[in-house]
Amino acid sequence: MTDNTTRRGIDRRTLLKYSAAGSAAVASSGVYMPAIAQQKPIKIGFVSPQTGALAAFAEADNFVLGQVREATKGGIKAGKTTRPIEVIVRDSQSNPNRAAEVAKELIVRDKIDLMLVANTPETTNPVSTQCEIEEVPCVSTNCPWQPYFIGRQANPGDPKSWKPFNYTYHYFWGLEDVIAVFTNMWSQLDTNKIVGGLFPNDADGNAWGDKVVGLPPALDKAGFKLFDPGRYQNLTDNFSAQIAAFKGANAQILTGVVLPPDFTTFWKQSLQQGFRPKAASVGKAILFPVAVEALGKDGQNLSSEVWWTPSHPFKSSMNGMTAKQLGDAYEQSSKKQWTQPIGFVHSLFEVGLDVLKRTADIGDAKSTVDAIQKTNIETVAGPVRWDGKGVPPFAAKNVTKTPLVGGQWRIKDGNKFEIVVTDNRTAPNIPLGGKMEPIA
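Under the numbering used here, the first residue of the sequence shown carries the number 545, and numbering increases by one thereafter.
As C-alpha cells, then:
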C-alpha cells in the first residue's frame, strides 16, 4: 500500500482486494495456508467463540482472517528463510470446556508453534491455561486483565499466592480503566451516585464485583455507592429480584458485565417493571450494534466502554490500513456496521506475525516467548509492548494495557445505532464525538 493511499483513505482497488480477502476467508474450523510448500509451514492456532452466546465477539473473525491470508500469501521471513503461514481456526462455541478441548487438539494433534486467542475470559482463560500446562507460547486479548490474570490463579482470593505465567501473555485494558471511564461519564450527569451492580457468577462478574480488586472500593473512592444484590447465573430468564433490589436502593445508575442475551432480557424486564436509571453503563453486553438494535428505541443512550472505533488514530503494521480504512473495508465486505473486536482481532494477528518474524528458532517455545517479551509494535488497536508499565508488579511480566474511552449508543438513520465517544479523559488522543445524555 502506498503512502498516498494511506493519507487519502482507502481507494477502490485496495477496498476490493481486502473485501475479497475477507469474504473468501475460511469457516470457523478451517485451515488455510499459502501455496509455498517447499518450506515447512509455521502453524498458528486461533480460538474464538464463533457460535453460542458470545458469538457477537467473533462476528468479524472471517474478515480479519481474510486479511491475514492476503498479507501472508507469500509467507513471512522468519530468520533467514521465508516460510508459509498456516492458521488453524477453532470455535470455542462460547463454552470454556470446549475452548480447553480445542486448545489441546491444536497443541497435541496439530502441533502449533503459536496460539492466539480472543474474546472474554470464557475463551481466553481455558486456552491460555492449556498452553501454560503444555508449554506452548500464547498471546490473548479482548478480556480485562484482572479476570485473565487473577482468574487463572490457583487461589484467586489470595493475592500473596499469585504468580506470573511463563508461556502466556495478554494485552487489553483493566478494571481500573473501565471504572475511570464509567465514573467520568457518570460525572457528566446529575445523579444521586447510587449504582446498581449486575454481576453474573462467572470470571468477569466475580472480578468486577470483587470487594478487594473490583468495582466496590474504586467506586467508593470516587464518591459512588455500589449496591450489589449478589450473583446470578448466566442465561437466566427472570431478573425480577435484581430489579426490585435496585428500585429499593433508589439506584440511578446501572453497571455490570453481562452476556448480550442476558442484558436484553434484563433491560426489557427492567423497563416493564418501572426501573429506568439515568445512566446504564454495561460491559460486554452492549458492545455491538446488533445487541443494541435488538432493544429498538430502548437502546438509546445506553453506554459502555469503547476499546476501538474507526476514529482511533492508529494503523495496521500488517497491511498499513488505518482504523478508518479497516472499518470501511469491513462494512463494504460484510454489509454490516463495524464492530469493536475488528481492531483487536486484527491487532492480535499483527502481534502474532511480528513475534514469529523475530523468533530466532521457530518451533522452540522459549525462543518464541523471548520474542513475545521483547514485542514493541504499533498496531491498529494502539501500541503493544510488554514493558511492565501500567499494571501491578505481580502481573507486569504477562500483561500490557491498551487505551480505553467511554461512549453512548445513539439512534442513527431511523433504526440503526452508532456509538459516540462521550469521554476521553483516559485517552485524550482518541477524539470525542459528543457529551453524555441521560436515558430518557
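For each residue, glycine too, the CB sits at the ideal point set by N, CA and C. If you're wondering where the values come from, they're calculated on a predicted model, not measured in any experiment.
Residue i in three-state terms, based on DSSP
{"i": "residue 603", "result": "coil"}
{"i": "residue 923", "result": "strand"}
{"i": "residue 729", "result": "helix"}
{"i": "residue 586", "result": "strand"}
{"i": "residue 637", "result": "coil"}
{"i": "residue 953", "result": "strand"}
{"i": "residue 769", "result": "strand"}
{"i": "residue 649", "result": "helix"}
{"i": "residue 859", "result": "strand"}
{"i": "residue 980", "result": "coil"}
{"i": "residue 832", "result": "coil"}
{"i": "residue 966", "result": "strand"}
{"i": "residue 632", "result": "strand"}
{"i": "residue 568", "result": "With a pLDDT of 38 at residue 568, under the threshold of 50, the modelled position of that residue is not reliable, and no figure is offered here."}
{"i": "residue 668", "result": "helix"}
{"i": "residue 943", "result": "strand"}
{"i": "residue 696", "result": "helix"}
{"i": "residue 775", "result": "coil"}
{"i": "residue 935", "result": "coil"}
{"i": "residue 889", "result": "helix"}
{"i": "residue 808", "result": "helix"}
Straight-line gap, residue i to residue j (C-alpha atoms, nearest Å)
{"i": "residue 939", "j": "residue 708", "result": "6 Å"}
{"i": "residue 712", "j": "residue 818", "result": "46 Å"}
{"i": "residue 928", "j": "residue 612", "result": "18 Å"}
{"i": "residue 758", "j": "residue 719", "result": "7 Å"}
{"i": "residue 958", "j": "residue 887", "result": "27 Å"}
{"i": "residue 584", "j": "residue 668", "result": "28 Å"}
{"i": "residue 607", "j": "residue 865", "result": "14 Å"}
{"i": "residue 728", "j": "residue 650", "result": "42 Å"}
{"i": "residue 568", "j": "residue 855", "result": "Any answer about residue 568 is weak, because its pLDDT of 38 lies below 50 and its placement is not dependable; what the coordinates show is given next. Those two C-alpha atoms are separated by around 26 Å."}
{"i": "residue 833", "j": "residue 950", "result": "15 Å"}
{"i": "residue 770", "j": "residue 881", "result": "34 Å"}
{"i": "residue 684", "j": "residue 872", "result": "25 Å"}
{"i": "residue 956", "j": "residue 962", "result": "6 Å"}
{"i": "residue 698", "j": "residue 806", "result": "29 Å"}
{"i": "residue 848", "j": "residue 911", "result": "39 Å"}
{"i": "residue 869", "j": "residue 602", "result": "20 Å"}
{"i": "residue 675", "j": "residue 796", "result": "43 Å"}
{"i": "residue 895", "j": "residue 919", "result": "8 Å"}
{"i": "residue 672", "j": "residue 652", "result": "15 Å"}
{"i": "residue 706", "j": "residue 756", "result": "14 Å"}
{"i": "residue 975", "j": "residue 884", "result": "16 Å"}
{"i": "residue 879", "j": "residue 972", "result": "31 Å"}
{"i": "residue 767", "j": "residue 751", "result": "20 Å"}
Closest residue to residue i among the options (Cα-Cα distance)
{"i": "residue 775", "options": "701, 800, 766, 765", "result": "800"}
{"i": "residue 778", "options": "597, 761, 587", "result": "597"}
{"i": "residue 790", "options": "808, 822, 765", "result": "822"}
{"i": "residue 831", "options": "771, 846, 842, 841", "result": "846"}
{"i": "residue 604", "options": "889, 860, 809", "result": "889"}
{"i": "residue 625", "options": "703, 901, 863", "result": "901"}
{"i": "residue 664", "options": "680, 804, 589", "result": "804"}
{"i": "residue 947", "options": "689, 797, 721", "result": "721"}
{"i": "residue 658", "options": "646, 952, 681, 641", "result": "681"}
{"i": "residue 633", "options": "654, 618, 627", "result": "654"}
{"i": "residue 784", "options": "814, 793, 760, 772", "result": "814"}
{"i": "residue 746", "options": "691, 761, 915, 827", "result": "691"}
{"i": "residue 589", "options": "639, 926, 647", "result": "647"}
{"i": "residue 666", "options": "960, 710, 592", "result": "592"}
Which residues DSSP lists as bridging residue i, in chain order
{"i": "residue 827", "result": "801"}
{"i": "residue 878", "result": "Answer by DSSP bridge pairing: none, since residue 878 is not bridged."}
{"i": "residue 742", "result": "800"}
{"i": "residue 682", "result": "659, 712"}
{"i": "residue 900", "result": "None; residue 900 has no bridge partner."}
{"i": "residue 814", "result": "None; residue 814 has no bridge partner."}
{"i": "residue 627", "result": "620"}
{"i": "residue 911", "result": "DSSP, once it has assigned bridges, lists no residue as partnering residue 911."}
{"i": "residue 916", "result": "Answer is none; residue 916 lacks a bridge partner."}
{"i": "residue 961", "result": "955"}
{"i": "residue 847", "result": "825, 952"}
{"i": "residue 612", "result": "Per DSSP, none; premise fails for residue 612."}
Beta-carbon separation (whole angstroms), residue i vs residue j, contact threshold 8 Å
{"i": "residue 967", "j": "residue 661", "result": "Going by Cβ atoms, the distance from residue 967 to residue 661 rounds to 30 Å, so no, they are not a contact pair."}
{"i": "residue 586", "j": "residue 614", "result": "With a Cβ gap of about 17 Å, residue 586 and residue 614 do not count as contacting."}
{"i": "residue 923", "j": "residue 858", "result": "7 Å"}
{"i": "residue 714", "j": "residue 689", "result": "6 Å"}
{"i": "residue 763", "j": "residue 802", "result": "Not confirmed; about 17 Å, so no contact."}
{"i": "residue 735", "j": "residue 781", "result": "Incorrect: roughly 29 Å between the Cβ atoms, too far for contact."}
{"i": "residue 835", "j": "residue 984", "result": "With 8 Å as the limit, residue 835 and residue 984 do not qualify as a contact, their Cβ atoms being about 19 Å apart."}
Distance cut-off 6 Å: residue i Cβ against heavy atoms of the ligand PLP
{"i": "residue 763", "result": "Looking for the ligand PLP in the displayed structure turns up nothing, as the structure carries no ligands at all."}
Residue-chain proximity (residue i, chain C), Cβ-Cβ < 7 Å
{"i": "residue 632", "result": "The structure shown has no chain C; it contains just one protein chain."}
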